[in-house]
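Notes follow once the structure below has been shown.
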Amino acid sequence: MGASLSALTIAKVGSNVNYLLEWCAASVLLVGVGVVRWQREMTPTARLLPLGLLIAGLGLALWEDTTFLETTSWAAHELASEVEQLEALVCAAEGPVLADDMMSVLVVCGKEIYLQPFEYTHLVEDGVWDQQPLLDAIRAQQFALILMSDTAWHGLDRHWTPEMEAAIREAYTPAERLAGTLVYHPKSRTP
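In UniProt numbering, the protein residues as written are 1 to 191.
Spelled out as structure tokens, the structure:
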């Protein structure tokens with residue numbers, strides 16, 4: 001029951017599948033108890049059925065994990081050169097850089113993280129943070145670059161407020177797309 005209550009919190013903003021881990025563990029334990037009770041009533045030969053299903057399930061899970069790891073490691077290898085190009089752009093940028101998903105590049109380049117757009121967007125939506133100074137800074141082109149995620153998840157977990165996006169479109173131009181990220185340059189300095 002506690003795991004089910006915890007699982008209900010997956011609907012909140014910023015949550016992920018890790019909110020279901022307790023529920024999955026509790027479900028597996030309940031199924032295990034049920035199988036043990038069910039096996040007591042089965043013939044000795046029929047008792048092998050749950051064991052066979054368990055082995056088949058483990059085999060499928062291992063195969064899926066291996067396939068997933070191979071696919072993600074291939075994708076990471078393919079994007080490595082684009083990440084290096086993105087790092088070179090950010091490291092060479094004179095001035096602050098705004099980023100959403102690729103904030104790690106800022107850290108690699110020794111740049112200060114000005115703000116985390118996802119968190120501040122939700123602070124704006126909750127009415128506890130005034131975004132106007134940021135909008136003014138964007139319109140004044142005070143950022144050397146703005147790195148905006150170009151992935152399918154961007155529309156689901158809103159990183160930027162509509163006003164931030166409008167200010168970025170008004171003052172910046174998307175010049176490159178690297179590692180799933182649109183690199184915006186100030187219009188006055190677009191290469």
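Every residue, glycine too, gets a C-beta built ideally from N, C-alpha and C.
A quick note: this is a predicted structure, and the numbers were derived from the prediction, not measured.
Span separating the alpha-carbon of Ala-93 from that of Val-105: Between Ala-93 and Val-105, the alpha-carbon positions lie close to 12 Å from each other.
Buried versus exposed, by CB contacts within 10 Å (16 or more), Ser-149: Classification of Ser-149: buried, given that the 10 Å Cβ count is 16 or more.
First and last residue of the uninterrupted beta strand (DSSP E) at Arg-40: Note, Arg-40: premise wrong, no beta strand (DSSP E); alpha helix (DSSP H) at 21 to 40.
Straight-line gap, Val-183 to Thr-121 (C-alpha atoms, nearest Å): When rounded, the separation of the alpha-carbon atoms in Val-183 and Thr-121 is 20 Å.
DSSP three-state assignment for Tyr-120, whether helix, strand or coil: Helix.
Proximal residues to residue 195 (C-beta, below 8 Å), its chain only, five neighbours per side dropped: A question about residue 195 goes unanswered here, because the residues of the chain that appear run from 1 up to 191.
9 Å Cβ cutoff met for Leu-135 and Glu-112: No, these two residues do not count as a Cβ contact at 9 Å.
Through-space distance from Asp-100 to Gln-116, alpha-carbon basis: Whole-angstrom Cα-Cα distance: 6 Å.
Cutoff 6 Å; reference Met-103; Cβ partners in own chain excluding five residues on either side: For Met-103, where only same-chain residues beyond five positions count, the Cβ hits under 6 Å are Ile-113.
Gln-142 versus Glu-170: straight-line alpha-carbon distance, rounded: Taking the straight line from one Cα to the other gives about 13 Å.
Contact under 9 Å by Cβ, Ala-175 with His-159: The answer is no: Cβ separation not under 9 Å.
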